[in-house]
Structures are given as C-alpha cells and as structure tokens.
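*Asks:* In the numbering used here, the protein residues as written are 21 to 273. Before I ask anything, let me first share the structure, which is written out below as structure tokens.
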Amino acid sequence: MIPYKHEPFTDFSQEENKKAYEEALALVQGYLGQDYPLVIGGEKITTEDKITSYNPADKQEVIGRVSKASQELAEQAMQAAVETFETWKKVKPEVRADVLFKAAAIIRRRKHEFSALLTKEAGKPMNEADADTAEAIDFLEFYARQMLQIKDGVKVESRPGEFNRYGYIPLGVGIIISPWNFPLAIMAGTTVAAIVTGNTVLLKPASTTPIVAAKFVEVMEEAGLPKGVLNFVPGSGAEVGDYLVDHPKTRFI
C-alpha cells in the first residue's frame, strides 16, 4: 500500500492552476439551480418542501435546492439504516476501505470542481476552498488506512503466558450533523469514519450548504457504497435534527 501523505494544496501562483480553477467555476455555474433528492435506503425521494441554497455573496443566485426531510421520512431513513447495518457490519474491512480509496480518487480528479462549488455555496476564497477539498481527500485516505491497521485488533501489554489485544466493533446507526464552515471536509470526515468502521449513517448537512453534501453523496454512490449505508436527509434542525438525536436507535452522533 502507498504510504499516507497529505493531499498537496494547489499553487495558485501558477497560471495553469488559476485557469483550471476558473474553468471549474464555469462548470459549476452550468449546473447551479438544480434540485437534489433525499436518499433513503438507496431510493431517491423528492419532496414538495425544499431547502434552497443561495450564494452568500449574491442572494439572488440559487446554488440549488434539496428535498427537505420530515420526521416521517427521517424515521424511514433510520429504519433503512438499521436494516442495512446488519449486512454492512459483516462486510470485510478491506472492502469498506476500498470504497473510501475510490471516493478519494474521484474527488481528487474533480478537486477544482468541488473547490469551486465551495466558493459558490460557502463563499470560500479559492485557497480556503482548495484546502477544504484537500482535507476531505485526506480524511478518506487516512481513515481507510486506519481501518486496515486496526482490523485485526491492537496488541496490548501481556503477562507471560497471555496474549491480550483489544478490538473495535461497529455500533449501529450514527447521525452526522455537519457544519457550514467546513461543509466538505468535516462532513466527509465524520461520515466516512463511521462508514468504514462498519456503521451506517444518516447525514443531515447544514441547511446553508447542502449542495456540496449532495454532491458528496453522489461520489460515495459512484465509489460503490451499497444502498442504505449512507442516507441523505437534509432538514430542519429543530424538527429532523432533534428527532434523530433523541431517537432510541441512534448509537452515536
């Protein structure tokens, strides 16, 4: 395996890199205003109620609209995650890690596109957006390697005649409530750390930056993540967030 190393930042003093970023901005501009569905158990669900994401630098520019989950749909997602957990927890760590490696490669190929979307949706200057995207790639690469490192347990000090070690087990369904200020890196990192360790998740992104999360969910699907492992449920913090936090089947947040 290639040793872990940080994803390098882009040197925007180089004209070709600035040009590539400008081209990515034009690409993102071309798909602004689209609608994105909920994803529950692999099923794409469109609701009449939507969350609209705006460019913080231009409130007239719509970045996109995501379907808005209700408590009923959040419950449906929880049940899908609970059911999927029974099979996902048995998938070999090598297979789970491979999904993360593939997702990292996809985002790396589309690095400027994701950074440009961060500029549009979160108002990040290109250097900060680039760092956010690089950190997301780092999380994918690092957590995949960590899973492979701990999959057989970790040895601890043993007395003569003993062999002691401790191991980690999947817990169940986790709730990911990601912030707006690092809408790709922190969202991706918290999501994939739970997934690669054999858990299933419900992702409720910040309501001001849901489009980059929707794009990330698409990447995970492209990378081969099975249906029901990652469920995408944007919604009101007071309604959906509180409901999931208090849910008896929630194992971690």
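Cβ atoms here follow ideal geometry from the backbone N, Cα and C, with glycine treated the same way.
Does the separation of the CB atoms of V221 and T211 fall below 9 Å?
*Replies:* yes
*Asks:* Report all residues from its chain with a CB closer than 7 Å to the CB of A117; omit the five preceding and five following residues, and keep chain order.
*Replies:* A164, M167, L168 and V216
*Asks:* Starting from R128, trace the alpha helix (DSSP H) in both directions and tell me its first and last residue.
*Replies:* Secondary structure note for R128: its alpha helix (DSSP H) is the uninterrupted segment P113 to R129.
*Asks:* Taking the runs of the alpha helix (DSSP H) that are 4 residues or longer, which of them lie wholly in the segment 178-258?
*Replies:* 205-216 and 230-242
*Asks:* Quick test of your reading: N219 and G244, contact by CB under 8 Å. State the CB separation rounded to the nearest angstrom.
*Replies:* About 17 Å; that fails the 8 Å criterion.
*Asks:* Let me know if N251 comes out buried or exposed under the rule of 16 or more other beta-carbons within 10 Å of its beta-carbon.
*Replies:* buried
*Asks:* Checking the sheet assignment: what are the DSSP bridge partners for F272?
*Replies:* G194
*Asks:* Give the single residue among K269, A154, A234 and L223 whose Cα lies nearest to the Cα of L52.
*Replies:* Among K269, A154, A234 and L223, the Cα nearest to that of L52 belongs to A234.
*Asks:* Measuring straight from C-alpha to C-alpha, what distance separates I65 and Y56?
*Replies:* 9 Å
*Asks:* Report buried or exposed for E155, applying the criterion of at least 16 other Cβ atoms within 10 angstroms of its Cβ.
*Replies:* Under this definition E155 is a buried residue.
*Asks:* Where does Q91 fall in DSSP's three states?
*Replies:* Note: Q91 maps to helix in three-state DSSP.
*Asks:* Keeping to the same chain, check which residues put their C-beta closer than 6 Å to that of P76; ignore five residues upstream and five downstream.
*Replies:* G143
*Asks:* Taking Cβ to Cβ, would you say I157 is nearer than 9 Å to K131?
*Replies:* yes
*Asks:* Quick one: using the 10 Å Cβ neighbour count with 16 as the cut-off for buried, is M146 buried or exposed?
*Replies:* buried
*Asks:* Within the continuous beta strand (DSSP E) that includes I157, where are the two ends?
*Replies:* Careful: I157 lies outside any beta strand (DSSP E), inside the alpha helix (DSSP H) at M146 to I170.
*Asks:* What's the gap between the Cα of V237 and the Cα of L93?
*Replies:* Annotation: V237 to L93 spans about 18 Å, alpha carbon to alpha carbon.
*Asks:* Could you tell me which of S90, T107 and V82 sits nearest to Q49, measuring between CA atoms?
*Replies:* Considering only S90, T107 and V82, the residue with the shortest C-alpha distance to Q49 is V82.
*Asks:* Mark T104 as exposed unless 16 or more other C-beta atoms lie within 10 angstroms of its C-beta, in which case mark it buried.
*Replies:* buried
*Asks:* Which residues does DSSP pair with Y263 in a beta bridge?
*Replies:* DSSP, once it has assigned bridges, lists no residue as partnering Y263.
*Asks:* From the DSSP output, read off the bridge partner residues of K70.
*Replies:* Looking at the DSSP output, K70 shares a beta bridge with S87.
*Asks:* Identify every residue that forms a DSSP beta bridge with E63.
*Replies:* I60
*Asks:* Let me make sure I understand the geometry here. Which of T72, V265, I127 and D152 has the alpha-carbon closest to that of F202?
*Replies:* D152
*Asks:* Any idea what DSSP makes of V82, helix, strand or coil?
*Replies:* strand
*Asks:* Output yes or no for whether 9 Å exceeds the beta carbon distance between L223 and V253.
*Replies:* At the C-beta level, L223 and V253 come within 9 Å of one another.
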